[in-house]
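Those protein sequence lines, which keep their order, are chains A and B. Counting from 1, one number per residue, gives the positions in the first sequence under my numbering. Counting from 1, one number per residue, gives the positions in the second sequence under my numbering.
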Amino acid sequence: MNSTKNWWQGDIDWSTPAGQLLDKFLATLPSERPFSIAIYGSALLQLTVDHQLLSADVDIFSDDDEDLSGWLAAAKVDKARGGFYIESGYPLSFRASPHWRSRAKTVQRGKVTLTLPHPLDILVGKLGRLEAKDMTAFKRVIELTGHPTAEEFKRELQNAVDLFRPAFDDDSPNLYPENTKRLWREIFRSEIDLGRDIIAPALERRRAGYGETPPDYKLLLDG
Amino acid sequence: MLANGQKADRAWRKSRMAARLLLRKEKGPLRSRDQALARQLSHDPEVSNRLIQQGLYYLGIGLRKHEFDQKLVAGRH
Chain A
1 MNSTKNWWQG DIDWSTPAGQ LLDKFLATLP SERPFSIAIY GSALLQLTVD
51 HQLLSADVDI FSDDDEDLSG WLAAAKVDKA RGGFYIESGY PLSFRASPHW
101 RSRAKTVQRG KVTLTLPHPL DILVGKLGRL EAKDMTAFKR VIELTGHPTA
151 EEFKRELQNA VDLFRPAFDD DSPNLYPENT KRLWREIFRS EIDLGRDIIA
201 PALERRRAGY GETPPDYKLL LDG
Chain B
1 MLANGQKADR AWRKSRMAAR LLLRKEKGPL RSRDQALARQ LSHDPEVSNR
51 LIQQGLYYLG IGLRKHEFDQ KLVAGRH
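Written out as structure tokens, the structure is:
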């Protein structure tokens, strides 16, 4: 089942604040070498879904793990400059479904290949914090596109089940479980049982790929 | 020293041998020579339950697998 088909074309509106800032940055990059840059966070939603949606910054990362902060500083679009800025992260900064790359769109801008994750994956990433602005992003995307439905989003969270694992000791607490429950109450107006609705179906699908669990044949051989 | 591929192949061959012994055991008590080999394989770290299971499918257990497992487990008790 493809829950993302036909509800997002991934067309960038370059006239938005995020589009203009990005355009300014891309124009400063050297034209003799290729760059591969992904955009994530609210700015992607502003660029491709809701041009009115506010975003404090434009989050990007280099697909090949390159640190882009030097390029941002040179272009004077980094946060040291103040105002609306571009923040550079890494692929690990973007937490989404393992399927995100297969449904992302790419746009060629000179020597730069821009990867635009599907809004569904941006929303999955937003669940990690789910601040008021993130809740607004959910509402606006659903208002404008009719998606994701509760069933579609549940399916994607099953695919991203590892987001629900406990945090590492030196990481902040994992808010995905609590935030998912809150999202369901506030956006989908219902309760969700994480064990029953997300974790159990996901693990069942994962086990199917591993094959059945064998009995202890070695013990039977010995007896 | 064996290359990784050879090692994997050896583990697989030994596990398939274990599967063959289990199929034999299903039909009746093992002869003493087979018993000794079964015991040796059961303590071999390269032999795993998962590989034995794959060996059983390779040897054609097919849809009889569940019944086979139950019979073996019941036989042990």
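Virtual Cβ for every residue (Gly too), placed ideally from N, Cα, C.
A Cβ-Cβ separation of about 4 Å places B/L41 in contact with B/A18 under the 8 Å criterion. Within chain B, not a single residue places a beta-carbon under 7 Å from that of A/K105; the smallest gap is close to 40 Å. Rounded to whole angstroms, the gap between the alpha carbons of A/Y40 and A/G209 is 30 Å. Residue state for A/Y90 is assigned as coil, using DSSP reduced to three classes. Against chain A, the beta carbon of B/R76 has neighbours under 7 Å at L220, G223, listed in chain order. Its chain contains K14, S15, A18, L41 as the residues whose beta carbon lies nearer than 6 Å to that of B/V47, once the 5 sequence neighbours on both sides are disregarded; these appear in chain order. Listed along the chain, the chain B residues whose CB falls inside 8 Å of the CB of A/D216 are N49. The beta carbons of A/R140 and A/L175 sit no closer together than 8 Å.
With a cutoff of 8 Å on beta-carbon distance, A/S55 and A/A43 are scored as near each other. Ranked by how close their Cα comes to the Cα of A/Q158, the residues A/H99, A/L116, A/M135, A/V112 have A/H99 in first place. At a cut-off of 8 Å, the C-beta of B/L41 has a neighbouring C-beta in chain A. Within chain A, no residue has its CB atom less than 7 Å from the CB of B/A11, the nearest being about 13 Å off.
Taking A/R103 as the centre and dropping the five residues before and after it, the same chain places the C-beta of T4, H118 closer than 7 Å to its C-beta, in chain order. Taking all protein chains shown into account, A/E191 has fewer than 16 neighbouring C-beta atoms within 10 Å of its C-beta and is therefore exposed. For B/L22, at least one C-beta of chain A is nearer than 8 Å to its own C-beta. Taking the Cβ atoms as the reference, A/A75 lies roughly 15 Å from A/K111, outside the contact range of under 8 Å.
Comparing alpha carbon positions, the residue from A/V49, A/D59, A/L26, A/P30 closest to A/W7 is A/V49. Beta bridge pairing from DSSP links B/V47 with no other residue. A direct Cα-Cα distance of roughly 49 Å separates A/D193 from B/G28. Residues of the region 61-73 of chain B that bring their beta carbon within less than 8 Å of a beta carbon in chain A comprise D69, L72, V73, in sequence order. By the 16-neighbour rule on beta-carbons within 10 angstroms, A/A160 is buried. By the criterion of a C-beta distance shorter than 7 Å, B/D44 is surrounded in its chain by K14, once the five residues flanking it on both sides are discounted. Within the model, the alpha-carbon separation for A/P201 versus A/Q108 is close to 38 Å. For B/A18, a Cβ of chain A is located within less than 8 Å of the residue's own Cβ.
Interface annotation, B/A36: not in contact with chain A, CB-CB separation never under 8 Å. Within the DSSP bridge table, the entry for A/Q108 names A/T113 as partners. A residue is called buried once 16 or more other Cβ atoms fall within 10 Å of its Cβ, and A/P148 is buried on that count. Judged by DSSP secondary structure, A/A38 falls within the beta strand (DSSP E) whose first and last residues are 35-40.
DSSP, reduced to helix, strand and coil, places A/D57 within a strand of the structure shown.
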